[in-house]
Amino acid sequence: PNYCTRKIMESLYDKNDEYREYSVNKYTIGSTFSKQKRLFLPYIRKYEKLTEEELIHILNIAKEEKWTALDLSNCGLTSLPDELWEVTSLRLLYIGNGYSRQLMNRISEISEKILNLNNLEALSIAEMKAPHIPPAMKKLPKLTYLDCFGCFFEKIPYNLLNHRIRAIGIECANAEQFKRLCTIKKIREIYITGSDIDCIPEEIGQLSSLRT
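Counting in the numbering used here, the sequence shown runs from -6 upward without gaps.
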């Protein structure tokens, strides 16, 4: 696609930094992570619908160039191709949606093949309506930041509760859901803005690493 050619990538590349700039401004856990880790998109991100051919083209370049960050939010996707799980260099990945209601991804299931992303540290599945979460999510060896705002799970999936998670953003429909988050013993940051709870469960006292 014309917004993701090698020419554009080369014009953005800065030999003094990993990448020159992160072209989308997102107020999410993923954004916080990217600033801390200096992870940036290596291409100019435009919010428009991606065809399967365009998406695979991007993913093939990402694999070849060993990208560390990829933003597929609001691309009008209904599924994720297997080529995504071959970009094993990724550390930051957006597959959900931002606050825009335009061109929303409507992905109902995440593949078990996500386990191939063994370098993944930050994942956003924001605004994906209660997608199926595979057991592989719980096994990702480096996953640290997880943005689930707007997923509105009736019950927080067990497979989301990776004990390596240090920060999570998610709405809690009740205090019982909040209790479930408290099983992530080493978590440091919990964001539950927009939750419908009337008390803070006493289990929060077990989170000795909690800072925020």
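Backbone N, C-alpha and C define an ideal beta-carbon position, used for all residues, glycine too. Predicted model, so just to flag it, every value in this text is computed and none were measured.
- Here the C-alpha atom of residue 129 lies approximately 8 Å from the C-alpha atom of residue 104.
- Going by DSSP, residue 85 is part of the beta strand (DSSP E) stretching over 85 to 87.
- Under the 8 Å Cβ criterion, the stretch 112 to 125 does not count as touching the stretch 171 to 178, having fewer than three qualifying pairs.
- For residue 59, the closest alpha carbon among the candidates 80, 76, 65 and 75 is that of 80.
- By the beta-carbon neighbour count (other beta carbons within 10 angstroms, threshold 16), residue 95 is exposed.
- Here residue 43 is not near residue 76, since their CB atoms are 8 Å or more apart.
- In this structure, the CA atom of residue 182 is about 30 Å from the CA atom of residue 72.
- The three-state reading of DSSP puts residue 52 in helix, counting H, G and I together.
- By the CB criterion at 8 Å, residue 154 and residue 131 fall inside the cutoff.
- In chain order, 129, 132 and 133 place their CB closer than 7 Å to the CB of residue 108, counting only its own chain and leaving out the 5 sequence neighbours on each side.
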